[in-house]
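Chemist:
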Amino acid sequence: MRPDARAWFSGRTTSARSLADLDVPALLRAKRRGGHRVSVVLPARDEEATVGRLAGEVVERWVRRVPLVDEVLVVDSDSTDRTAEVARAAGADVVATADVLPAHGTRPGKGEALWKSLAATSGDLLVFLDADLLGDVTHYVPGLLAPLLTDPQVGYVKGCYTRPLEVDGRVTPAGGGRVTELTARPLLNALWPELAGFVQPLGGEYAGRREAFEQVPVVFGYGVEVGLLVDLLGLLGLGGLAQVDLGVRRHTSQDTEALGRMAGQVVSAVLARSGRAGVGGLLTQFRAGAGGFDPVSTPVAVDERPPMVTVPEYRASRAGAV
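Under the UniProt record's numbering, the residues of the sequence shown are numbered 1 to 322, in order.
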């Protein structure tokens with residue numbers, strides 16, 4: 001690891017593997033002292049099996065019992081199941097992507113939900129959690145907020161964790177994150193070696209200051225996290241980024257073909273940010289058929305929303321909120 005990356009890793013990595021690692025009353029005092037408002041956002045598409053428990057835990061623990069969070073918003077990306085209904089029953093606010101900034105239309109993908117959440121929330125500190133998280137993640141919200149509340153130089157915090165892999169009922173304790181290890185990490189180490197200290201560059205749990213998020217574009221699809229990481233490096237510098245060890249992260253695993261499509265989108269986002277935009281655009285995979293191999297092509301070209309601060313309706317709404 002390069003000296004700058006090693007120094008960053010040593011100085012900007014903290015631990016919040018459980019609530020015992022956190023001084024929650026001190027975080028609450030820091031929030032009040034700084035006059036902060038905290039929004040927790042759960043982007044979701046067809047996550048009725050998990051979103052209710054997760055949203056309900058955040059609302060109960062960090063809104064009602066300890067007022068560390070001011071709003072919990074589920075951004076529903078064209079779900080065909082009961083995601084919205086289940087989230088509302090759990091106490092979360094719910095918006096559909098199509099109903100936010102409707103003049104700008106709507107597009108598929110997690111990036112769209114993240115981008116539009118900036119226009120649908122009011123917090124100056126935002127926490128993002130994937131809606132398919134499993135197990136006890138009660139400590140995730142205060143863990144991600146801690147660096148922002150205790151260090152004004154930090155503008156963006158990524159969670160890192162051990163990721164078990166479960167396939168056909170068999171669990172490997174640390175086998176998850178295959179796209180990270182086989183695609184994202186080698187590319188980032190080659191092109192932005194200062195980012196080599198990030199344990200989970202594609203992790204879906206992170207937090208940051210609104211003034212940072214609103215100044216960078218947002219990629220659609222699975223390139224959203226790596227795009228944010230590289231763009232926020234450019235905006236904030238390495239010293240403005242931090243990571244926190246959240247322990248273990250469990251979620252639903254994908255099959256190899258789906259992981260290939262994810263990797264294709266990650267590669268496209270990385271190439272675009274390295275000045276190689278327009279390369280490729282299609283990922284061709286092969287499925288074994290009765291007559292041999294059948295090619296299946298999927299679009300993976302980068303598509304993104306502009307920085308939210310450039311959207312007139314957003315600027316007008318924020319000016320009215322001040």
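From the three backbone atoms N, C-alpha and C, an ideal C-beta is built for every residue, glycine too.
Compare the Cα-Cα distances from Ser15 to each of Gly159, Arg64, Leu27 and Ser117 and report the closest residue.
Modeler: For the purposes of this step, residue 15 is identified with residue 15 of the sequence shown, where counting begins at 1. If we check each option's Cα against that of Ser15, Gly159 comes out closest.
Chemist: Ordered along the chain, which non-local residues of its own chain (more than five positions away) have a Cβ less than 6 Å from that of Leu187?
Modeler: Counting from 1 along the sequence shown, the entry for residue 187 is found at position 187. Only Val270 meet the Cβ criterion.
Chemist: Considering only residues of the same chain and omitting the five flanking positions on each side of Leu73, which have a CB-CB separation below 8 Å?
Modeler: Within the sequence shown, residue 73 is the residue found at index 73, counting from 1. These residues qualify, in order along the chain: Ser39, Val40, Val41, Leu42, Ala92, Asp93, Val94, Val95, Ser117, Ala120 and Thr121.
Chemist: Assuming Val224 contacts Leu125 under a Cβ cut-off of 8 Å, what Cβ separation, rounded to an integer in Å, is found between them?
Modeler: Residue mapping note: residue 224 aligns to position 224 of the sequence shown, counting from 1. Residue mapping note: residue 125 aligns to position 125 of the sequence shown, counting from 1. The Cβ separation is near 19 Å, so there is no contact.
Chemist: Our contact map puts Phe220 next to Arg107 with C-beta atoms below 8 Å; I'd like the distance itself, whole angstroms only.
Modeler: As a working mapping, residue 220 is identified with position 220 in the sequence shown. As a working mapping, residue 107 is identified with position 107 in the sequence shown. With 8 Å as the limit, Phe220 and Arg107 qualify as a contact, their Cβ atoms being about 6 Å apart.
Chemist: Enumerated in chain order, which unbroken segments of the beta strand (DSSP E) with a length of 3 residues or greater are wholly contained in the UniProt domain "Glycosyltransferase 2-like" (39-164)?
Modeler: Counting only runs of 3 or more, we get 71-76, 93-96, 125-128 and 156-162.
Chemist: From the DSSP secondary-structure annotation, give me the bridge partner or partners of residue 337.
Modeler: No information on residue 337 is available, as it lies outside the stretch 1 to 322 that the chain covers here.
Chemist: Starting from Arg287, follow the beta strand (DSSP E) in both directions and report where the run begins and ends.
Modeler: On the sequence shown, residue 287 is found 287 positions in, with the first residue counted as 1. Counting along the chain, the beta strand (DSSP E) containing Arg287 begins and ends at Leu282 to Gly289.
Chemist: Can you tell me whether Ala55 is buried or exposed? The criterion is at least 16 other CB atoms within 10 Å of its CB, across all chains shown.
Modeler: The residue labelled residue 55 in the question sits at position 55 within the sequence shown. By the 10 Å Cβ count, Ala55 comes out buried.
Chemist: In whole angstroms, what separates the C-alpha of Ala89 from that of Gly52?
Modeler: If you number the sequence shown from 1, residue 89 lands on position 89. If you number the sequence shown from 1, residue 52 lands on position 52. Distance between the alpha carbons of Ala89 and Gly52 is about 7 Å.
Chemist: If Gly155 sits next to Asp70, beta carbons under 8 Å apart, how far is it from one beta carbon to the other, in whole angstroms?
Modeler: Mapped onto the sequence shown, residue 155 falls at position 155. Mapped onto the sequence shown, residue 70 falls at position 70. 19 Å between Cβ atoms; not a contact.
Chemist: Would a C-beta distance cut-off of 9 Å place Phe128 and Gly204 closer than the cut-off?
Modeler: Reading the sequence shown from its first residue, position 128 is the one you call residue 128. Reading the sequence shown from its first residue, position 204 is the one you call residue 204. In contact: Phe128 and Gly204 (Cβ atoms closer than 9 Å).
Chemist: Give me the Cα-Cα distance between residue 328 and Leu283, rounded to the nearest whole angstrom.
Modeler: Outside the displayed span of the chain (1 to 322) sits residue 328, for which this structure offers no information.
Chemist: Pick out whichever of Leu241, Asp46, Ala103 and Glu194 has its Cα sitting closest to the Cα of Asp130.
Modeler: For the purposes of this step, residue 130 is identified with residue 130 of the sequence shown, where counting begins at 1. Comparing Cα positions, the closest option is Asp46.
Chemist: To the nearest angstrom, how far is it from the Cα of Leu22 to the Cα of Ala30?
Modeler: In the sequence shown, residue 22 corresponds to position 22, counting from 1. In the sequence shown, residue 30 corresponds to position 30, counting from 1. If I take the Cα positions, the gap works out to 13 Å.
Chemist: What did DSSP end up calling Pro18 once you bin it into helix, strand or coil?
Modeler: What you label residue 18 is simply residue 18 of the sequence shown in a count that begins at 1. Note that residue 18 is Ser in the sequence shown here, rather than Pro. Residue state, collapsed to three classes: coil.
Chemist: Have a look at the DSSP bridge pairing and note the partners of Ser10.
Modeler: Reading the sequence shown from its first residue, position 10 is the one you call residue 10. For Ser10, which the question treats as bridged, DSSP gives no partner whatsoever.
Chemist: Measuring straight from C-alpha to C-alpha, what distance separates Gln153 and Leu232?
Modeler: Numbered from 1 along the sequence shown, position 153 holds the residue referred to as residue 153. Numbered from 1 along the sequence shown, position 232 holds the residue referred to as residue 232. Straight-line Cα distance between these residues: approximately 13 Å.
Chemist: Rounded to whole angstroms, what's the CA-CA distance from Ala184 to Phe293? Just pull it up for me.
Modeler: As a position in the sequence shown, residue 184 is number 184, starting the count at 1. As a position in the sequence shown, residue 293 is number 293, starting the count at 1. Going by the C-alpha atoms only, they are around 28 Å apart.
Chemist: To the nearest whole angstrom, what separates the beta carbons of Leu191 and Val226, a pair I think is in contact under 8 Å?
Modeler: The sequence position of residue 191 within the sequence shown is 191, counting from 1. The sequence position of residue 226 within the sequence shown is 226, counting from 1. Contact flag wrong, Cβ pair sits at about 11 Å.
Chemist: For Val75 versus Leu28, is the C-beta distance shorter than 9 Å?
Modeler: As a working mapping, residue 75 is identified with position 75 in the sequence shown. As a working mapping, residue 28 is identified with position 28 in the sequence shown. No, the Cβ-Cβ distance between Val75 and Leu28 is not below 9 Å.
Chemist: Please list the terminal residues of the continuous beta strand (DSSP E) segment that includes Pro306.
Modeler: Your numbering for residue 306 matches position 306 in the sequence shown. Neither: Pro306 is in no beta strand (DSSP E) and is coded neither H nor E.
Chemist: Cα separation between Val157 and Gln285?
Modeler: As a position in the sequence shown, residue 157 is number 157, starting the count at 1. As a position in the sequence shown, residue 285 is number 285, starting the count at 1. Looking at the two C-alpha atoms, the distance is approximately 35 Å.
Chemist: If we call anything under 9 Å between Cβ atoms a contact, is Val244 one with Thr162?
Modeler: As a first step, residue 244 must be located in the sequence shown, where it is residue number 244. As a first step, residue 162 must be located in the sequence shown, where it is residue number 162. Not a contact, by the Cβ cut-off of 9 Å.
Chemist: When you compare only the Cα positions, how much space is there between Gly109 and Arg287?
Modeler: The residue you call residue 109 lines up with position 109 of the sequence shown. The residue you call residue 287 lines up with position 287 of the sequence shown. If I take the Cα positions, the gap works out to 24 Å.
Chemist: Using the Cα positions of Leu195 and Asp151, report the straight-line distance between them to the nearest angstrom.
Modeler: If you number the sequence shown from 1, residue 195 lands on position 195. If you number the sequence shown from 1, residue 151 lands on position 151. So the alpha carbons of these two residues sit roughly 20 Å apart.
Chemist: Could you please give me the residues that DSSP links to Leu241 through a beta bridge?
Modeler: As a working mapping, residue 241 is identified with position 241 in the sequence shown. Per DSSP, Tyr156.
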